[in-house]
Every structure is written in C-alpha cells, then in structure tokens.
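So the number in our numbering is just where the residue sits in the sequence shown, counting from 1, plus 60.
As structure tokens, the structure follows; a few thoughts come after it.
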Amino acid sequence: MAVSSRFSSIVQLTDLDDFINPSQECIKPAKSEHAKQITSVGSAKIQIGDDGTYTQINKEGKAEKLQKAQITLNDCLACSGCITSAESVLIGQQNHIEFLKLCKEIELSSESRLYDKIVVGLSCQPILSFADKFQVSPEEARAKLIALFRQLGASKVFDVESFSEMCLAECGHDFVQRFREKSTPVGYVMLRKLTEAGFLPHLSEVKSPQQIAGTFIKDVLPSELQTDASRLAVVMIMPCFDKKLEASRSDFLREDQQTKDVDFVITPMEIEQILEELNVEFNDLGISHVDPLSSADIPTWNVPAGSGSGGYAEHVLRFAARELYDITLDHITFQPMKNSDIREAFLEVDGKQVLSVAICNGFRNIQNLVQKMKRKKRTYDYVEVMACPSGCLNGGAQLRSESMETKALLSNLEVLHSKIQQLHVNEAKTDSLSHVWLKKSSIEEQMKKLRTNYHAVQKSTNALTVKW
Numbered sequence: 061m062a063v064s065s066r067f068s069s070i071v072q073l074t075d076l077d078d079f080i081n082p083s084q085e086c087i088k089p090a091k092s093e094h095a096k097q098i099t100s101v102g103s104a105k106i107q108i109g110d111d112g113t114y115t116q117i118n119k120e121g122k123a124e125k126l127q128k129a130q131i132t133l134n135d136c137l138a139c140s141g142c143i144t145s146a147e148s149v150l151i152g153q154q155n156h157i158e159f160l161k162l163c164k165e166i167e168l169s170s171e172s173r174l175y176d177k178i179v180v181g182l183s184c185q186p187i188l189s190f191a192d193k194f195q196v197s198p199e200e201a202r203a204k205l206i207a208l209f210r211q212l213g214a215s216k217v218f219d220v221e222s223f224s225e226m227c228l229a230e231c232g233h234d235f236v237q238r239f240r241e242k243s244t245p246v247g248y249v250m251l252r253k254l255t256e257a258g259f260l261p262h263l264s265e266v267k268s269p270q271q272i273a274g275t276f277i278k279d280v281l282p283s284e285l286q287t288d289a290s291r292l293a294v295v296m297i298m299p300c301f302d303k304k305l306e307a308s309r310s311d312f313l314r315e316d317q318q319t320k321d322v323d324f325v326i327t328p329m330e331i332e333q334i335l336e337e338l339n340v341e342f343n344d345l346g347i348s349h350v351d352p353l354s355s356a357d358i359p360t361w362n363v364p365a366g367s368g369s370g371g372y373a374e375h376v377l378r379f380a381a382r383e384l385y386d387i388t389l390d391h392i393t394f395q396p397m398k399n400s401d402i403r404e405a406f407l408e409v410d411g412k413q414v415l416s417v418a419i420c421n422g423f424r425n426i427q428n429l430v431q432k433m434k435r436k437k438r439t440y441d442y443v444e445v446m447a448c449p450s451g452c453l454n455g456g457a458q459l460r461s462e463s464m465e466t467k468a469l470l471s472n473l474e475v476l477h478s479k480i481q482q483l484h485v486n487e488a489k490t491d492s493l494s495h496v497w498l499k500k501s502s503i504e505e506q507m508k509k510l511r512t513n514y515h516a517v518q519k520s521t522n523a524l525t526v527k528w
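Structure (structure tokens):
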C-alpha cells in the first residue's frame with residue numbers, strides 16, 4: 061500500500077501499528093547463577109555453537125551449557141519497555157493448550173495433576189463477541205459457553221458481572237472518601253498498568269471484578285467443592301490478553317505466597333482454538349445455566365450501566381452526586397471530544413462545575429492524557445482508562461470478522477450490550493453476596509479482599525539496555 065507523500069520520511073520508515081517487538085529495552089535484569097564464580101576478567105570464555113547455544117569454558121577447560129534467560133509474565137508486569145503492547149509473546153503460561161491439558165488431567169484423575177476442580181467465570185464482552193460472530197442472542201451465546209465449559213469439566217460456571225457490582229460499589233466509596241479528605245490531587249485515575257511512580261497515589265486501589273471474583277472463590281468454594289484453595293483452578297474468560305498479566309501479579313498471591321487468586325485467563329480467540337481442537341461447531345453446542353454464587357443468590361444476568369468496559373466513570377459520578385450533593389442523576393451523557401475515544405461528563409450545582417469525570421480509551425490517548433495532567437492543562441476528578449481503543453468491547457482478544465470493519469463490528473457489539481439489562485449499582489444489590497463473605501470479616505480483612513497496592517519499579521540501567 062502506497063504511503064501518502066504528506067507524511068514525513070520518519071513516518072514513512074516507521075511501522076504505524078502499536079505492536080512493539082521485544083528488544084534490548086527490557087528493564088528486567090537477568091540474574092546469573094554463575095556471577096559469583098567469576099572473580100576476574102578472563103576467568104571464563106563463552107562459545108556460541110552453530111545451533112545458537114551458548115557454552116561457558118572455564119579455566120580448567122570444562123564446558124558447561126548456559127541456560128537461556130527467561131522473562132515470565134510476572135516479571136513483565138513491571139516493564140515499561142517492550143511488553144507494553146507485545147504481551148502475546150509471553151502468554152504461554154495461560155494458553156488454551158495448558159487449559160485443555162488441565163481439563164484432561166482432572167478428567168483422568170491423574171496423580172500428577174495440580175488441581176482437583178475447575179471454576180469458570182464468564183465476563184460479558186466475550187459472550188457478546190460470540191453472539192455477534194455466530195448470529196445468536198447474547199443469552200444463547202452465554203448458555204452455549206456455559207455448556208462448553210461444563211463439557212470440559214468445570215464444577216461451577218458463574219457471571220463475573222456478579223462481582224462488578226461489588227467492585228463498582230467499592231469504587232464509589234473509595235472516590236467519595238478521597239474527595240472528602242482531599243488526600244490526593246485532582247486527577248483520580250483508574251488504570252491497571254500505569255508505570256509512572258508519580259501517578260501511583262492517584263490509582264484506584266480497588267481490585268477488578270476478575271480479582272475480587274478470584275479472591276471470593278478461593279475463600280468460599282473450596283469447602284463446598286471439598287478441596288483446598290491451592291487445588292481449585294479458577295479460570296476467567298476475558299476479552300483481553302492483558303488480563304493474563306493482571307492475574308499473574310505477585311500482589312494477588314494468597315497468604316501462602318504460592319496460590320494465585322486467578323490461575324488461568326482464557327480469551328475468545330483461544331476458545332475458538334479450543335472448539336477447533338475439539339472439532340465442535342459453536343452453534344452445535346448445547347445450552348446450560350449459570351450457577352448461583354450462594355444459596356441466597358438468584359442467578360440473573362445484568363451488566364453495569366455505562367460503558368462496555370464496566371461503567372466505572374458513570375457509576376462514580378452517579379454515586380458521588382448522591383453522596384456529596386444529594387443529587388440523583390437519572391441520565392448521564394458523556395460528550396466526545398475531538399477524539400471519540402475520550403469522552404467527558406460533568407456535574408454542575410448552582411451553575412458551578414463541581415465534579416468532572418472522563419472515559420479515556422487507547423494507549424496513545426492515555427499517554428496524551430497523562431502528559432496534559434502533568435502540565436495541568438487537563439484535570440478530572442475521575443478517569444476510567446482502558447488500554448484497548450474503544451474499550452473492552454474491542455478487547456485485543458475479541459473475535460474478529462473477516463468481512464466487517466472494526467468500527468462496524470464495534471457498533472454491533474454496542475447494540476448487543478445495550479440489549480442486556482442495565483444495572484445501576486446500589487448497596488441493596490450486593491447484600492446477599494457481601495453478607496455471605498464480606499460481613500463476616502473485619503474492616504481490615506475486607507480491605508484485603510477488595511483492595512490491592514501498586515509499587516513503583518525502578519529501572520536498572522546497564523550497558524545492555526542503553527540505546528547507543
């Protein structure tokens with residue numbers, strides 16, 4: 061495809077997509093187990109074989125094959141270099157092959173298996189992706205996916221949206237508390253992968269629905285399923301590969317520092333691969349129903365009102381208006397800016413703007429917004445931020461259409477999303493679940509279940525990471 065002459069030569073020579081290949085900019089220092097053995101220059105020589113292997117020759121002439129340095133998903137959560145948009149290079153730990161292997165081991169009761177039971181959580185965006193591609197209703201797509209995972213051996217399948225209510229309620233309380241205390245400057249950002257240390261105090265500490273769900277399942281269900289938390293595999297179906305990175309954070313390890321709250325994250329693209337390997341057509345799947353989270357819960361499918369990414373900004377504005385100004389907002393309209401991936405809404409009282417929130421999607425837009433906030437050219441009280449352009453409905457691992465452009469596909473998903481019953485979260489909606497789980501805990505324990513922490517990671521500069 062020809063490049064228009066109006067572009068500069070730099071643009072013409074640069075790849076225009078967001079994918080960044082792994083490079084020497086990785087900030088994770090490679091630790092060598094042999095470092096202490098080498099005490100002086102020339103203590104050992106390294107030879108490179110024809111097959112690309114590295115061999116160390118010590119002073120005695122003894123050869124030892126060197127292991128390749130390995131960077132894991134958990135390491136790369138701290139990275140601001142190559143992994144920002146190239147996570148697919150490192151998702152082998154949680155791919156569909158490993159998941160099918162897990163299902164087979166449980167089916168055969170293999171003695172070497174790591175898990176005894178599987179619990180699956182479905183988020184709405186993958187459901188809508190399958191509904192659109194296979195031309196079925198969202199409800200039917202959901203029922204077929206539930207049937208698929210039951211066929212694969214899942215003991216329970218539930219809706220992640222059940223935990224969205226808890227997440228949004230906690231986000232509202234968190235924001236109002238900070239706003240009243242003025243403990244942080246204006247510009248409260250909800251973002252899971254921002255690496256600039258100066259913005260850490262502004263990040264929402266509330267866990268995502270995925271992680272709240274994982275904590276709940278590992279706390280509550282092992283006794284019901286007659287297994288241990290470490291032997292219960294929690295599998296989340298999510299629209300983006302980044303959710304794999306989130307699940308692998310060391311902050312989400314349980315008290316034994318070995319067990320994860322969420323063990324696997326599987327995406328729509330990988331579910332398609334699972335169907336291919338099983339030689340099963342999606343439309344040929346049966347139907348099944350979601351499990352209640354507890355005997356007090358009636359399983360109904362609602363999605364949070366607002367954006368297709370969880371409705372954080374809308375809920376926080378609605379909740380803050382009620383709590384801070386005793387104003388009930390029946391309808392909230394987000395006005396798009398020049399870039400439609402940035403939208404904003406305001407609350408005015410007596411002609412004065414008292415609250416401002418925004419939705420910012422797409423990594424480039426996030427970078428621009430952060431720079432404007434640094435220069436105080438743009439400030440908001442709360443920003444809902446998602447790395448994927450157009451948000452989670454357009455997640456990087458959603459199913460793609462060969463015959464339809466992205467904008468048309470996204471429009472279809474937005475229509476399907478609007479057809480699901482929209483839920484305005486309030487305290488009453490979370491009572492049955494919180495009574496079973498949260499209300500039995502102390503305030504400190506509740507915070508551990510619903511909140512997390514973020515840590516600044518310092519870059520280590522050495523000759524290998526410097527761009528000459």
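Don't be surprised by glycine CBs; every beta carbon is placed ideally from N, CA and C.
Model, not experiment: these values are computed from the prediction.
Unbroken alpha helix (DSSP H) run spanning residue i, endpoints
i	result
Asp386	Unbroken run through Asp386: none, as it is neither H nor E.
Gln286	Here Gln286 belongs to no alpha helix (DSSP H), and DSSP marks it neither H nor E.
Phe159	His156 to Glu167
Ala207	Pro198 to Gln211
Continuous beta strand (DSSP E) stretch holding residue i: start and end
i	result
Glu462	From DSSP, Glu462 is part of no beta strand (DSSP E); its letter is neither H nor E.
Ser416	Lys412 to Asn421
Met446	Tyr442 to Met446
Ala293	Leu292 to Ile297
Phe259	From DSSP, Phe259 is part of no beta strand (DSSP E); its letter is neither H nor E.
Alpha-carbon to alpha-carbon, residue j and residue i
i	j	result
Ile143	Asp323	Any reading at Ile143 must be qualified, since the residue scores a pLDDT of 46, below 50, and its modelled position is unreliable; the value itself is stated next. Between Ile143 and Asp323, the C-alpha separation is close to 21 angstroms.
Arg378	Arg173	47 angstroms
Ala201	Gln318	35 angstroms
His233	Phe239	10 angstroms
Leu469	Glu374	24 angstroms
Ser165	Lys105	Rather than Ser, the amino acid found at residue 165 in this sequence is Glu. Straight-line Cα distance between these residues: approximately 44 angstroms.
Val294	Glu504	25 angstroms
His349	Ala203	6 angstroms
Leu313	Ile117	40 angstroms
Glu241	Glu330	45 angstroms
Val149	Ser264	Summary for Val149: the model assigns pLDDT 47, below 50, so the residue's position carries little reliability, and this model does not support an answer.
Pro82	Gly411	At Pro82, the pLDDT of 41 sits below 50, so the modelled position is not reliable; the number obtained from the coordinates is stated separately. When rounded, the distance between both Cα atoms is 51 angstroms.
Arg309	Thr115	33 angstroms
Lys533	Val430	Nothing in the structure corresponds to residue 533, since the chain is present only between 61 and 528.
Leu338	Thr512	38 angstroms
Lys177	Thr393	44 angstroms
Glu167	Gly213	7 angstroms
Tyr514	Asp441	20 angstroms
Sheet register partners of residue i (DSSP bridge)
i	result
Thr115	Gln107 and Lys125
Phe406	Ser416
Arg511	Val266
Phe218	Gly181
Pro396	Arg403
Val363	Gln482
Cβ pair residue i, residue j closer than 7 angstroms
i	j	result
Cys452	Ser400	no
Cys300	Val266	no
Ile297	Phe159	no
Pro198	Leu476	yes
Val236	Ala381	no
Pro449	Asn428	no
Phe194	Leu353	no
Gly455	Gln185	yes
Val220	Pro261	no
Ile426	Val409	no
Ser189	Leu459	yes
Ser222	Leu285	no
Glu404	Gln395	yes
Leu208	Pro364	no
Pro282	Ala289	yes
Near the ligand PLP: residue i beta-carbon under 6 angstroms from a heavy atom
i	result
Gly274	You won't find the ligand PLP in this model; it holds no ligand whatsoever.
Residue i at chain D interface by Cβ criterion, 7 angstroms
i	result
Gly121	Protein chains in the displayed structure number just one, and chain D is not present.
Residue ranges of each beta strand (DSSP E) run of no fewer than 3 residues wholly in the segment 300-353, ordered along the chain?
324-326
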